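Trainee: Residues -31 to -1, 1 to 243 (mature numbering (1 follows the signal peptide of the UniProt record, and there is no 0)) are what the sequence shown spells out, left to right. Backbone N, C-alpha and C define an ideal beta-carbon position, used for all residues, glycine too. All values reported here derive from a predicted model rather than from experimental measurement.
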Amino acid sequence: MRKTTRTASWITAGLLAAAALTLPTTGQAMAYTTPRPSPSPSVSPSAPTCPTTPTSPNTPPSAPGTPEVIGVYMNMARLRWAPATDDDGIACYQVRENRDGVAVTVATFSSTATLGDVYLPWPPYGVPSQIHELYIVAVDTKGATGPASGTVSVKIVNDVVTSPSASPRLTCRVEYYPFTWPGGMAVNIALTNTGSTPIYNWKLDFNFTAGQQVTYGWVAIWSQTGAKVTATAPPFVKDIAPGQTLNIGFNGTHSGTNPSPDDFRLNDTIGCTS
């Protein structure tokens, strides 16, 4: 396992990411600054805050243009669309998909965005591909949501189509990069799939040894019980493809000493470290 403090640029990135973000929830696209370049595509631009309660009187925005698929990489689709108009001003754009009759927001972009990266769920294990029908709505500054744009189809192709005769052993690497100051810390963690098959529904566990506490984090759903810390996959990035590095992180507190953990377990695989 690699334990180190990094340069000022990484420190600044970690602090900025921690200060700007809260734990992700379903229906958000969020931006995360990572400590180093990743072979996987970067996450969509930072999700703005959209009004949720309309105020009156209010005229909803017009419909944005039907989105165009610029490209698809793994489970990321890059979309481009024509802007909507609204007398009160546009607050944000939301990319949506109807799932089981319910409109689900899969990404949110700023009022000036006309291009964005949308991360979609992988097809279920063993399913060759899955089609997603996406559309865009505009939300104005008074909370009114305009009509939907036309829909566009995005095909996500599965990495693994058939179940292997025997499950290959999970091989992975966890790198822990802490930055410590009196009473506090910011930590970036790089999770790399060094194997030949995806890591599905990833979950990372480790234990603190000096009473440290996680306060909030990013690119994961974080929880802590006693010394044990668990980071589980958020809805927008549930799997780690072969060769992919996923960067997650958190802010926390300590009481004077801040030793790094050395018992990382990714999907309950012991010794998954560098």
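Kindly indicate which residue of A155, E66, E102, V108 has the alpha-carbon position closest to the one of F78.
Mentor: V108
Trainee: With a threshold of 16 other CB atoms inside 10 Å of the CB of residue 272, please say whether the residue is buried or exposed.
Mentor: Outside the displayed span of the chain (-31 to 243) sits residue 272, for which this structure offers no information.
Trainee: What residue ranges within the region 19 to 64 form continuous beta strand (DSSP E) runs of no fewer than 3 residues, ordered along the chain?
Mentor: Entirely contained in the region 19 to 64, the beta strand (DSSP E) runs reaching 3 residues are, in chain order, 37 to 42, 45 to 49.
Trainee: Which value, in whole angstroms, describes the spacing of the CA atoms of N220 and Y185?
Mentor: 6 Å
Trainee: Alpha carbon to alpha carbon, what distance is there between I217 and V188?
Mentor: Taking C-alpha positions only, V188 is separated from I217 by approximately 5 Å.
Trainee: Does V71 pass the burial test, meaning 16 or more other C-beta atoms within 10 Å, or should it be called exposed?
Mentor: exposed
Trainee: To the nearest angstrom, report how far apart C61 and M43 are at their CA atoms.
Mentor: If you take the alpha carbons of C61 and M43, they lie about 26 Å apart.
Trainee: Rounded to the nearest angstrom, what separates D174 and L215 at their Cα positions?
Mentor: 15 Å
Trainee: So is A200 buried or exposed if we call it buried at 16+ other beta carbons inside 10 Å?
Mentor: With 16 or more other Cβ atoms within 10 Å, it is buried.
Trainee: Looking at D128 and Y169, is the spacing between their C-beta atoms short of 7 Å?
Mentor: no
Trainee: In angstroms, rounded to a whole number, what distance separates the CA positions of P92 and V126?
Mentor: 7 Å
Trainee: Quick check on DSSP: helix, strand or coil for S80?
Mentor: coil
Trainee: Could you tell me the boundaries of the beta strand (DSSP E) in which V105 lies?
Mentor: The residue you asked about is not Val; residue 105 is Ile in the sequence shown. Per DSSP, I105 belongs to the beta strand (DSSP E) from 98 to 109.
Trainee: Which partner residues does N220 have in the DSSP bridge list?
Mentor: A155, Y185
Trainee: Within the same chain, show all residues whose beta-carbon is closer than 8 Å to that of L139, passing over the 5 residues directly before and after it, in chain order.
Mentor: Closer than 8 Å at the Cβ level, and outside the excluded window around L139, lie G164, I168, L235, N236, T238, C241.
Trainee: Just to confirm, are P204 and I190 a CB contact at a threshold of 7 Å?
Mentor: No, Cβ-Cβ distance for P204 and I190 is not below 7 Å.
Trainee: For chain D, is any of its Cβ atoms less than 7 Å away from the one on P92?
Mentor: The structure shown contains no chain D; it is built from a single protein chain.
Trainee: Using C-beta distances below 8 Å, list every residue in its chain close to M(-31), excluding the 5 sequence neighbours before and after it, in chain order.
Mentor: Interpretation of M(-31) is limited by its pLDDT of 48, a score under 50 that renders its predicted location unreliable; no figure is taken from the coordinates.
Trainee: Do V106 and V87 have their beta-carbon atoms positioned less than 7 Å apart in this structure?
Mentor: no
Trainee: What's the call for T114, buried or exposed, on a 16-neighbour Cβ count within 10 Å?
Mentor: buried
Trainee: Per DSSP, which one or two residues make a beta bridge with V87?
Mentor: A46
Trainee: Using a Cβ-Cβ cut-off of 6 Å (strictly less than) and excluding sequence neighbours within five positions of S9, which residues of its own chain qualify?
Mentor: Any answer about S9 is weak, because its pLDDT of 38 lies below 50 and its placement is not dependable; what the coordinates show is given next. Answer for S9: Q213, listed in chain order.
Trainee: Using a Cβ-Cβ cutoff of less than 6 Å, which residues in the same chain neighbour T35 once the five nearest sequence positions on both sides are dropped?
Mentor: S118, G119
Trainee: Between the Cα of F177 and the Cα atoms of D57, V198, Y104, P33, which residue gives the shortest distance?
Mentor: V198
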